[in-house]
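Protein chains in written order, with the working numbering: chain G, 55 to 540; chain C, 823 to 1168.
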């Protein structure tokens, strides 16, 4: 009854979301799938559960090949997936949700379903009111309902994608107990997460993915910094950056607390002009919130954010832009560029020209200059979505002001090939030499160590350490990222 | 909002659909098409009637193009037309003077009322995140109700409480016409100017570029420093103003009074025109002419072939469906990748 994946490939344009992934899981195993965002975990699990089709590769369950084409077919073969936000139809009752997608004729067997639901709930220790409105359920309860439904439908492989996000502590304990029970019943449980402690607490074995590939497999327990190193990569080279004299403070945070959903954040920090600060930490530990706060994009709960001598906390985003702050997000096409608009139109949008009509000729000339200066492989008329990831990043950098006071970058080289990544850093170090302070988040230890002056390590929404990059090693950073403060 | 890559295919499919519908309705297709064509363009009077339908349709469609490019589904355009007509009627009823004074005032009144009515969904959307489709549908009913209230209440004909309309306006408030032609050159001129203005605005201006940026990705646009909400509000207001002028044309150029259902369905038809035009300004005028011709020419179907003229609506709706299906199919077949076979890599 084991599940075997062989050589799974899935490309989205030039992005290799899965690049030849092999995975084999025995019955009764609680298997952790670990990796940062964009490592390819979700893509792999969507392939297994039939939500998307792989470009090539094979899936075998119980010795039989699966030509999985849809979630329904996958579930018929015994593979069920629980999504991060469980797909519950909210206006329906609990019972109707339970019965959704069940086999049978036109009429729904509510009576039979009611007793099945009671039976399944009793077996796993859940407590449902079948007639309650699904809207009244918490995320954790919706999750329990969905697990019960999948098991009732005959799932022998249960895939859980980041299941502990948004559920309460008792619900998490309950969930883990049920998952252990399922493993004892010889089911396969695949637990997708980027939370180390949960994988350590729950799983028998773990597979670590990075950049679309499997980078390691471990029996648990194994030292935590070992897992961090698999996820974040090793530091192979010492830093060799041109020395820069640090200037006045460019950014100064005092007692800043965020006021958004997701990771809470408390930060006190000063970054000086010409300095590079790297933000390390597991995904969702507060780095993104930190960057967005500094960019003026997220509301500040309390504290001061001083940029260029002025406290901008609570001020509109425009003020941050005028103060010389520039933010380049990780989702280049989703939250940075505008699909459907051309390269020239992007420059026109951020350009200083204020005339009513766009001067096409001048726009094309400007675009051509910038395209040459930033080595963008594309033309003035190329639309943003037609550019490769590396060239989208070049376009984003080309749209930045020439000498920003503060450059904030989220995963500046994620998904880029080595040449593009090197180009991005050459460019960033040049603006640093010009007095720009750079703050970047990365999940690549080598990048953090090589380019930062200092590294701030985030853990559960807090900066738990700020260390000079020159003293950082894979193991010291690995321990910190895992939350171990020596 | 993908552009259609093969217009000939869409055209062929559309013609095929028309032939099938005419067959199903029991009409000889070629004969029916000839009747429609002659009904729309056969005489100068008929051409005038077609242009009279074309005018509000083009105005509404031109306005809708702006909101569509801003990523908005301004379904409330029907209500904005009705409010424009009410504004124009108010001017026509309350201002006395020569045409040169009253007619511009009715046009301005219509535009202002239409724009003001469009600011309500804009406000609900930007302030309370109420989707414009829901507010638009509701507000269209409200606008129609206001029109009915005015017709049977404060503006009712002396001694008659009838929903057939208000008193006829003073002829000096009518849109001026030439000779026996019912279509007003002022209305036609306004429609042509609207298309030209929208074309220039969306294709050539920085304002239009920003509108398109906001419509395609509001989050990125915000990051680039564009005040996205202001542009959404502006798009609503512009569409409302053009719809209001369409309402003015309906009131002072066609009915010469305020009637219930003054919008004449041109708002919804305008949505179809824009969808069929693939969101391109240049295509609005010819496609609207085609729709107006079907609308007006179809009245001849019942006279000459004994077929119900409501066939016009069926043809117009089916055309849009066919074109959207062809466009959707092209997008689908382009996006479809190879499917995993479970047989392993060859």
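Built from N, CA and C at the ideal position, the CB exists for glycine as well.
So for residue i, helix, strand or coil by DSSP?
i, result
"residue 472 (chain G)", "helix"
"residue 789 (chain C)", "This structure cannot settle anything about residue 789 (chain C), because the visible part of chain C is limited to 823 through 1168."
"residue 943 (chain C)", "helix"
"residue 118 (chain G)", "strand"
"residue 979 (chain C)", "coil"
"residue 853 (chain C)", "helix"
"residue 303 (chain G)", "strand"
"residue 417 (chain G)", "helix"
"residue 64 (chain G)", "strand"
"residue 332 (chain G)", "strand"
"residue 218 (chain G)", "coil"
"residue 56 (chain G)", "coil"
"residue 246 (chain G)", "strand"
"residue 254 (chain G)", "helix"
"residue 436 (chain G)", "coil"
"residue 990 (chain C)", "coil"
"residue 1108 (chain C)", "helix"
"residue 1165 (chain C)", "Note on residue 1165 (chain C): pLDDT 30, under 50, position unreliable in the model; the coordinate value appears next. The answer is coil: DSSP assigns residue 1165 (chain C) none of H, G, I, E or B."
"residue 512 (chain G)", "strand"
"residue 1160 (chain C)", "Low confidence applies to residue 1160 (chain C): its pLDDT is 33, below 50, so where it sits in the model is not reliable, and the reading given next is rough at best. Three-state result, residue 1160 (chain C): coil."
"residue 298 (chain G)", "coil"
"residue 491 (chain G)", "strand"
"residue 908 (chain C)", "helix"
Using 10 angstroms around the beta-carbon of residue i, count the other beta-carbons present and answer buried if the total reaches 16, otherwise exposed.
i, result
"residue 411 (chain G)", "exposed"
"residue 231 (chain G)", "exposed"
"residue 1104 (chain C)", "exposed"
"residue 1165 (chain C)", "With a pLDDT of 30 at residue 1165 (chain C), under the threshold of 50, the modelled position of that residue is not reliable, and no figure is offered here."
"residue 498 (chain G)", "buried"
"residue 212 (chain G)", "buried"
"residue 981 (chain C)", "exposed"
"residue 1125 (chain C)", "exposed"
"residue 957 (chain C)", "buried"
"residue 527 (chain G)", "exposed"
"residue 140 (chain G)", "buried"
"residue 245 (chain G)", "buried"
Specify, as a first and last residue, the run of the beta strand (DSSP E) that residue i falls within.
i, result
"residue 264 (chain G)", "259 to 264"
"residue 406 (chain G)", "Here residue 406 (chain G) belongs to no beta strand (DSSP E), and DSSP marks it neither H nor E."
"residue 79 (chain G)", "69 to 79"
"residue 598 (chain G)", "Because chain G in this structure spans residues 55 to 540, residue 598 (chain G) falls outside the shown range and cannot be described."
"residue 380 (chain G)", "379 to 382"
Return yes when the Cβ of residue j is within less than 7 Å of the Cβ of residue i, no when it is not.
i, j, result
"residue 404 (chain G)", "residue 1046 (chain C)", "yes"
"residue 434 (chain G)", "residue 398 (chain G)", "yes"
"residue 523 (chain G)", "residue 509 (chain G)", "yes"
"residue 119 (chain G)", "residue 103 (chain G)", "no"
"residue 1013 (chain C)", "residue 928 (chain C)", "no"
"residue 1095 (chain C)", "residue 1109 (chain C)", "yes"
"residue 62 (chain G)", "residue 94 (chain G)", "no"
"residue 340 (chain G)", "residue 323 (chain G)", "no"
"residue 1063 (chain C)", "residue 936 (chain C)", "yes"
"residue 300 (chain G)", "residue 265 (chain G)", "no"
"residue 1083 (chain C)", "residue 903 (chain C)", "no"
"residue 1017 (chain C)", "residue 875 (chain C)", "no"
If I follow the unbroken alpha helix (DSSP H) through residue i, where does it start and stop?
i, result
"residue 451 (chain G)", "443 to 452"
"residue 91 (chain G)", "Note, residue 91 (chain G): premise wrong, no alpha helix (DSSP H); not H, not E."
"residue 1044 (chain C)", "1040 to 1045"
"residue 458 (chain G)", "No alpha helix (DSSP H) holds residue 458 (chain G); DSSP gives it neither H nor E."
"residue 965 (chain C)", "954 to 974"
"residue 411 (chain G)", "Note, residue 411 (chain G): premise wrong, no alpha helix (DSSP H); not H, not E."
"residue 1089 (chain C)", "1088 to 1098"
"residue 499 (chain G)", "499 to 505"
"residue 358 (chain G)", "Unbroken run through residue 358 (chain G) is the beta strand (DSSP E), 354 to 361; no alpha helix (DSSP H)."
"residue 1066 (chain C)", "1050 to 1070"
At least 3 beta-carbon pairs within less than 8 Å: the segment 467 to 483 of chain G vs the segment 243 to 259 of chain G: Result no; under three Cβ-Cβ pairs closer than 8 Å.
Cβ contact check for the segment 1123 to 1140 of chain C and the segment 842 to 858 of chain C: 3 or more pairs under 8 Å: Touching, per the Cβ criterion.
The segment 76 to 90 of chain G in contact with the segment 235 to 250 of chain G per 3-pair CB rule at 8 Å: Counting C-beta pairs with one atom in each stretch, the segment 76 to 90 of chain G and the segment 235 to 250 of chain G have three or more that are closer than 8 Å, which means they touch.
Given 8 Å, three or more beta-carbon pairs between the segment 945 to 952 of chain C and the segment 1024 to 1041 of chain C: Taking 8 Å as the limit for Cβ pairs, the verdict is that the segment 1024 to 1041 of chain C does not touch the segment 945 to 952 of chain C.
Any 3 or more C-beta pairs closer than 8 Å across the segment 854 to 863 of chain C and the segment 880 to 890 of chain C: In short, these stretches do not touch, since the Cβ pair count stays below three.
Contact between the segment 1052 to 1062 of chain C and the segment 887 to 902 of chain C (3+ Cβ pairs under 8 Å): The answer is yes - the segment 887 to 902 of chain C touches the segment 1052 to 1062 of chain C, with three or more Cβ pairs under 8 Å.
Cβ contact (3+ pairs, closer than 8 Å) linking the segment 1136 to 1146 of chain C and the segment 904 to 919 of chain C: Judged by pairs of C-beta atoms under 8 Å, the segment 1136 to 1146 of chain C does not touch the segment 904 to 919 of chain C, as fewer than three such pairs exist.
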